[in-house]
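Undergrad:
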């Protein structure tokens, strides 16, 4: 499962592009209408594709349409990648305008107005925004086996393509898409430990009430059931909380101290991830700022000129 920081990083990348696009629009209509959805084929899909000269058969990323039968997700829980409403594919993407992108502890949610797309990431992926030229002249021209990464889904906005990529080239796509109407509840829900701690605690309490006696390892249970907790995060939380990785779920749930330390440990790590982000910043929220010699010279010259103007 994706880690808490992975989801935040992916959504931040997309939102940075989206916010810049809106700023440059200057109040005019923003070019964020969804025009096309791209994807890379799995190996079985390539072998079945006809004609053999098609982009799909040649291993090139290809655009989808309403006739597409492509399903994505883990076995037994696959969903159509092309948007559906009432179990029927939409004819086209008319009216799909990107309003905002947000993160949940385990998913990325794209709000297109009439519908929302919730992408549940089951394997490590990275978001990337391409210009039209980069997409058409580079990504779209190279087979997935050659470029060594695959496009799980590419959202084409005309001048830009927002793609979710994976380095896993084993041709098993496990990005699970969920298309829902704007008024519907998102199918995958996990309370955010940092943004809504009380809701997170209520979910934990509900899990305790509904749990049966089980000898499954608690560390494996949290990886599956707690949003944002994957292999790395679970190990870190158990370490800072002083919990044994060999605790059974029953031993974990029947000890209030252990559950409390787990919750506090998860919150603490989520908080520390945000604090550590300041290391990447040069100016914002800094009491002291290091500058180059050239910048110091310019700054000194500015002070001298400013002081002269004040005297006049």
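Residue numbers (this note's numbering): 172 to 483. Every residue, glycine too, gets a C-beta built ideally from N, C-alpha and C.
What is the residue span of the beta strand (DSSP E) that residue 349 lies within?
TA: Unbroken beta strand (DSSP E) run through residue 349: 347-352.
Undergrad: Measuring CA to CA, which of 237, 177 and 264 is closest to residue 204?
TA: Ranking the options by Cα distance to residue 204, first place goes to 264.
Undergrad: Contact defined as beta carbons within less than 8 Å: I believe residue 389 pairs with residue 423. What is the distance between those atoms, to the nearest angstrom?
TA: Contact flag correct, Cβ pair sits at about 4 Å.
Undergrad: Using DSSP with H/G/I as helix, E/B as strand and the rest coil, what is residue 401?
TA: Reduced to three states, the DSSP call for residue 401 is coil.
Undergrad: Determine the extent of the alpha helix (DSSP H) in which residue 433 is found, giving its start and end residues.
TA: 427-447 is the span of the alpha helix (DSSP H), which, as asked, contains residue 433.
Undergrad: Measure the alpha-carbon distance for residue 176 versus residue 278 and round it to whole angstroms.
TA: Between residue 176 and residue 278, the C-alpha separation is close to 12 Å.
Undergrad: Our contact map puts residue 334 next to residue 286 with C-beta atoms below 8 Å; I'd like the distance itself, whole angstroms only.
TA: Residue 334 to residue 286, Cβ: 20 Å. No contact.
Undergrad: If we call anything under 7 Å between Cβ atoms a contact, is residue 429 one with residue 440?
TA: It is not a contact, given that the beta carbons lie outside the stated cut-off.
Undergrad: Which whole runs of the beta strand (DSSP E) in the region 210-282 are 3 residues long or more, in chain order?
TA: Segments of the beta strand (DSSP E) lying fully in the region 210-282: 271-274 and 278-282.
Undergrad: Taking the beta strand (DSSP E) that residue 450 belongs to, which residues open and close that run?
TA: That residue, residue 450, is in no beta strand (DSSP E); it is neither H nor E in DSSP.
Undergrad: Residue 300: which of 229, 329 and 315 sits nearest, CA to CA?
TA: That would be 329, whose Cα lies nearest to the Cα of residue 300.
Undergrad: Could you tell me how far apart the beta carbons of residue 237 and residue 261 are, in whole angstroms, since I believe they sit closer than 8 Å?
TA: Indeed, because the Cβ distance is near 6 Å, the residues count as touching under 8 Å.
Undergrad: Can you give the Cα-Cα distance for residue 272 and residue 284, rounded to whole angstroms?
TA: Distance between the alpha carbons of residue 272 and residue 284: 11 Å.
Undergrad: Could you check the C-alpha separation between residue 193 and residue 186 for me, to the nearest Å?
TA: Whole-angstrom Cα-Cα distance: 10 Å.
Undergrad: Roughly how many angstroms lie between the CA atoms of residue 246 and residue 347, to the nearest whole one?
TA: Whole-angstrom Cα-Cα distance: 10 Å.
Undergrad: For residue 158, count neighbouring Cβ atoms within 10 angstroms of its own Cβ and tell me buried if that reaches 16, exposed if not.
TA: Since the displayed the chain opens at 172 and closes at 483, residue 158 lies outside it and no answer follows.
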